[in-house]
Structures are given as structure tokens and as C-alpha cells.
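For reference, the structure discussed in these notes is given below.
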Amino acid sequence: MLKSYPIGKSTVELPCSVVAISAKSGAQQGAMTASAMYVSQVPALILVSIAKSLATYELIEKSKAFAINILSENQIALAKKLASVHGKGVDKLKELKVATSAASTVKAPLIDGCFGYIECKVKGSFSDVEGDHAIYIGEAVSFKLDKSLKPLVWLENKYFKVGSECKLKV
Ligand SMILES: Cc1cc2nc3c(=O)[nH]c(=O)nc-3n(C[C@H](O)[C@H](O)[C@H](O)COP(=O)(O)O)c2cc1C
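Here it is as C-alpha cells:
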């Protein structure tokens, strides 16, 4: 039965991707748990929204690039860690002993063991929208996937694994 809920609940009832956005500027690198969505398929443009108070925001502002590490269902502990530790002034990935390798096209660390990696160059940004977040539109310049793994989904403040495909019954 259809019911009305408080407006604020609408953001947690919308199923979202679970990614780690990583970035690097000089010797400083970091990553944070976030969600990402696509804006356009051709060209491949992806949107991320980052609070301006975060370490990752500062890194993207300086480098104008980031990597989207699509977390796998084995990486819930990592998703929680990257969401609860703030990386200002520290190398968060080293501090948390997260294994990484260098991205191929942009200057950003890639986190080992992810379902996929989308390297992005910042194509545009909006920081004058309501609220304390900056929106970045990234142009995908490299894409890698490990199809032996499954991605995570975020719903009702909980992590879910992707289930079986829903097919139309004929
Ligand atoms: C599932 C999930 C999604 C999140 N998505 C975002 C997001 O899209 N944007 C954001 O600014 N923070 C998001 N956060 C919170 C950040 O991950 C958190 O503030 C993080 O500690 C920031 O790290 P940093 O200061 O090292 O950049 C999310 C947290 C979780 C658990």
C-alpha cells in the first residue's frame, strides 16, 4: 500500500551505487565512500557529489581528476572505513593499509579488489548549488571491470549485493 514518508527519507530509499572516489595531488592521496551516477552514455559522463569540507574535495579541486572504484560485495569493511575516517592532512590509504596501484590515464590511486574502475577527468563542476556539496561531472577516460566479482548497492543505509536479473514474464 502506498504511504507518505518524511521528505528526508527520500534520499535513503533511492537505491545507489557504492563506490570509493580516489584522487591524488602531489604526494597527497585519498579516497572516500560515495555514490556515482551516469549523466550521459555518449560521451561517457559520470556525476559525483562531494562535500566541500572533505579531504577528497581538496584533492579533486587541485588535480581536476578522480577515479571511481566500484566496490565489490567483499569490500563492505573498506566502504565503512573510507566513510568514517577523514583524510585531511594524512595519507588515508596508507594509514588504513589499503593496497593500491596507479591509475593508467589520470593521477589517482586504484584500490585493489574492486569490481571495476572508471578513471575520470573533471569536465565541469557546480559548487553554487544549494547545500555544502560540489558536483563534479567526470569524463570517463579508462574503464576496467572484473566480471568475476559483484558490485555493492546502497539502500536504507544498508549494503546489498546485486541479485538475479528480473526478466519480463511473457
Ligand atoms: C554509502 C555511503 C555513501 C556516501 N556518499 C557520499 C557522497 O556521495 N558524497 C559525500 O560527500 N560523502 C559521502 N559519504 C560520506 C563520506 O564517505 C565520508 O564523509 C568520508 O569520511 C570522507 O572522507 P575524506 O574526508 O577523507 O574525503 C558517503 C558515505 C557512505 C557510507
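For the sequence shown, counting from 1, position 105 maps to 114 in the numbering used here; every step adds exactly one.
For glycine and all other residues, C-beta sits at the position ideal for the given N, C-alpha and C.
1. Tell me the DSSP bridge mates of C25?
2. If we ignore side chains and look at the alpha-carbon of each, how far apart do S44 and P160 end up?
3. How about K61 and D121: do their beta carbons lie closer than 8 Å?
4. Where does the unbroken beta strand (DSSP E) through Y8 begin, and where does it stop?
5. Please state the DSSP three-state secondary structure of A45.
6. Tell whether a beta-carbon distance below 8 Å holds between G96 and T65.
7. Quick one: Cα of P52 to Cα of E148, how far?
8. Look at the alpha carbon of L11 and the alpha carbon of A76, and state the distance between them as a whole number of angstroms.
9. For a minimum of 4 consecutive residues, which ranges assigned as the alpha helix (DSSP H) are wholly contained in the region 79-154?
10. Just to confirm before moving on: does the CB-CB distance between A32 and A74 stay below 8 Å?
11. Do you know whose CA, among S58, K89, K101 and L164, lies nearest V180's CA?
12. Helix, strand or coil for S157? Go by DSSP, reduced to three states.
A quick look at the data gives this:
1. W163
2. 12 Å
3. no
4. Outside the displayed range of the chain (10 to 179) lies residue 8, so it cannot be described from this structure.
5. strand
6. yes
7. 8 Å
8. 39 Å
9. 85-93 and 101-104
10. yes
11. In the structure as shown, the chain begins at 10 and stops at 179. Residue 180 is therefore absent and cannot be evaluated.
12. coil
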